[in-house]
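This report refers to the structure that appears directly beneath it.
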Amino acid sequence: MAVEKPREIAVRILKQHAEGRDYVEILLETALADASLSPADRGLCQELVYGLVRWQATLDWLIVRKTGGRTQKPLLQILLRLGLYQMFWLDRIPNHAVVHEAVEIARRLGFGPQSGFVNAVLRGYLRERAETEKLLEELKIKQPHLGSSHPEWLVERWHARWGGARTTQLLEWNNTPPATFARINTLRTDTAKLTAQWNSEGVRFLVRNWEWMGDGLVFQLESHPPLASLASFQQGWFYVQDPSTLLAVQELKTQPGETVLDLCAAPGGKTTLIAQQMKNQGHIVAADVSADRLKLIQENCARLGVTCVKTILLPNLNSQPSTSYDRVLVDAPCSNTGVMRRRVDLRWRIRPEEIERLRKAQLELLRQAAPRLRPGGVLVYSTCSLEPEENQNVVKQFLSEHAEFKLRSERELLPFIDGVDGAYVARLERTP
Ligand code: SAM
């Protein structure tokens, strides 16, 4: 059987993605699981796939300049993007090899007659390399949605809110591959044991602290073998999550022995941290509308040794004894605009009208949550959206309808200020 190379695998994934088969992260994971690639080739394949999706608008702008706007077959467009991405974004592959390989892949995939066209477009750019690099820099300033490859409506929305400099920082953040962060699971281990184990497993890490979390809780993983292969992972000594996600749990301030409703809980990143905060003592009801995702909570709880969680598939919450909970977390489904660097193809899927639909759904979730909280209890509402419609506005409208709730604190984490994924967290109290 012929051995596929990373570029061909990348092209295959990108073609499936262009056909709308699945999220690009899932297509990549599936393809890499079946491929026998060296770690370096896996890294290259991922870099090419994510790079081409992130920089799609800029790459297509370059292609239009040389093709007079003529529409290519999707696969040919992908091959041109692949060549240009390697030429202008990566420096580890010599440019003549980039052109040669793109032409070869075109031939192998049945585009022999068009291989001259691929060659001409890429060679054209090879000759104009320095001018093109300058043009690309200018494009970032003159037409940021094209220069930084984002939908125009989103860039305009952010520009109106934060101005040019901060929007530029956000666009750059979204285009930068994210770091991996691990939260220690203190139900299973302690810092000394975890770090000794990581040293023996070849994990390189840094301790990271932000003021909204306890010391020594989060580590940035600089390099590591595949995480699922590590004993420290299998034994549940850590959970991978961005530091921004800890803020909502911090604001919930749960105590051992309390009752907690986590209304949008899957896959359980916050549920399991709440359990850790409660020292695994008390009752957490982790609810979600997705049965598949509910299984992820169960798997994560089992791996992390969390035993105080009961999962409930919505809308079956009413079958629960009508407990009035001490704390309720509503970590609502949202547009995810704060985590765009991690959701690689999100920027091309999200539509402006989605924000209004989400706002209504989020408000409805808060309305459902409200009567489940005991008087004097705490309700935390959180999202990983940067959009005020989904954040402050939802809370404002909820408060206008529920005089028995008071806003105790509200915080927004912004990538260009806080250096973490975007998040919004409001802490409300039901008056006693
Ligand atoms: N809290 C989770 C964590 O920290 O791992 C992340 C939750 S994610 C932001 C939002 C979740 O809300 C998804 O798992 C989705 O299935 C769920 N969801 C969507 N609509 C819902 C609804 N009407 N009621 C409850 N959950 C919902």
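For this note's numbering, add 6 to where a residue sits in the sequence shown, where the first one is 1.
Quick reminder that beta carbons are idealized off the backbone N, C-alpha and C, glycines included.
Only a predicted model underlies this, so the values are computations on that prediction, with no experimental measurement involved.
For the ligand SAM, I want to know if residue i counts as a neighbour, meaning its beta carbon is within less than 7 Å of at least one of the ligand's heavy atoms.
i	result
Cys307	no
Arg189	no
Cys270	yes
Val295	yes
Leu276	In the sequence on display, residue 276 carries Lys and not Leu. Yes, Cβ of Lys276 sits closer than 7 Å to a heavy atom of the ligand SAM.
Arg380	no
Pro249	no
Pro339	yes
Arg2	Lying before the first or after the last residue shown, residue 2 is absent from the chain, which here runs from 7 to 438.
Leu267	no
Pro273	yes
Leu371	yes
Leu81	no
Leu58	no
Leu320	yes
How is the alpha helix (DSSP H) around residue i delimited, first residue to last?
i	result
Thr186	Here Thr186 belongs to no alpha helix (DSSP H); instead the beta strand (DSSP E) covers 186-190.
Val295	Where Val295 is concerned, there is no enclosing alpha helix (DSSP H), given that its DSSP letter is neither H nor E.
Lys316	First-last for Lys316: 315-319, but that is the beta strand (DSSP E), not the alpha helix (DSSP H).
Ser406	398-407
Ser206	197-207
Leu177	158-180
Asn322	Per DSSP, Asn322 belongs to no alpha helix (DSSP H) and is neither H nor E.
Arg357	Segment: none, Arg357 is in no alpha helix (DSSP H) and carries neither H nor E.
Ala103	101-114
Gly454	Here the chain comprises residues numbered 7 to 438, so residue 454 is not present and cannot be evaluated.
Which residue's Cα is closest to the Cα of residue i: the options?
i	options	result
Arg129	Pro183, Leu68, Leu434, Val291	Leu68
Arg378	Thr195, Thr265, Arg357, Lys72	Thr265
Asp221	Ala202, Leu252, Val209	Leu252
Arg452	Gly425, His106, Ala429	No answer is possible for residue 452: the residues shown for the chain start at 7 and end at 438.
Val161	Gln374, Met346, Ala281	Met346
Gln203	Phe239, Asn397, Val291	Phe239
Leu310	Ile318, Lys285, Leu320, Tyr331	Lys285
Arg414	Glu435, Asp427, Glu407, Asn399	Glu435
Pro381	Gln398, Ala409, Glu395	Ala409
Gln52	Ala16, Ile303, Arg76	Ala16
Pro183	Glu359, Glu228, Thr313, Gln78	Glu228
Cys314	Ser330, Leu335, Val291	Val291
Glu396	Glu370, Ile361, Val255, Leu372	Ile361
Val224	Ala375, Pro249, Lys412, Leu20	Pro249
Val334	Leu269, Gln304, Asn306	Leu269
Pro3	His151, Leu50, Glu25	Residue coverage of the chain in this structure runs from 7 to 438, which leaves residue 3 outside it and unanswerable.
Gln226	Gln247, Ile356, Gln261	Gln247
Glu35	Ala24, Arg48, His156	Arg48
Thr174	Glu144, Val105, Lys316	Glu144
Glu424	Asn181, Val109, Asn215, Glu257	Sequence inspection shows Asp at residue 424; the Glu mentioned does not correspond to that position. Asp424 has its Cα closest to that of Asn215, out of Asn181, Val109, Asn215, Glu257.
Ser155	Gln368, Ala63, Leu82, Ala375	Ala63
Asn322	Phe211, Glu305, Ser296, Ile84	Ser296
Gly274	Thr260, Leu258, Asn306, Gly263	Asn306
Leu369	Arg357, Asp66, Asp337, Ile32	Asp337
Grab the span of the beta strand (DSSP E) containing residue i for me, first residue to last.
i	result
Glu418	411-419
Tyr131	Not the beta strand (DSSP E): Tyr131 falls in the alpha helix (DSSP H), residues 121-133.
Val431	429-436
Leu335	331-337
Leu385	379-389
- [ ] Counting only runs of 4+ residues fully inside the stretch 215-278, write out the alpha helix (DSSP H) ranges in chain order.
- [x] 237-240, 252-258
- [ ] Please confirm if the stretch 215-234 is in contact with the stretch 340-351, defined as three or more CB-CB distances below 8 Å between the two stretches.
- [x] no
Open item on the list: Count Cβ pairs between the stretch 115-126 and the stretch 78-89 that sit closer than 8 Å; are there 3 or more?
Closed with: yes
- [ ] May I have a chain-ordered list of the alpha helix (DSSP H) segments no shorter than 4 residues that lie completely inside the stretch 17-79?
- [x] 30-40, 45-60, 62-73
Task: Inter-stretch contact (C-beta, 8 Å, three-pair minimum) for the stretch 45-59 and the stretch 347-356 - done: yes
- [ ] Count the CB pairs spanning the stretch 240-248 and the stretch 304-320 that are closer than 8 Å, and state whether there are at least three.
- [x] yes
TODO: Report yes or no: do three or more beta-carbon pairs, one from the stretch 63-77 and one from the stretch 35-49, lie closer than 8 Å?
DONE: no
- [ ] Count the CB pairs spanning the stretch 132-145 and the stretch 113-122 that are closer than 8 Å, and state whether there are at least three.
- [x] no
- [ ] For the stretch 386-396 and the stretch 186-193, state whether three or more C-beta atom pairs, one from each stretch, are separated by less than 8 Å.
- [x] no
Open item on the list: Counting beta carbon pairs with one atom in the stretch 103-115 and one in the stretch 145-152, are three or more of them shorter than 8 Å?
Closed with: no
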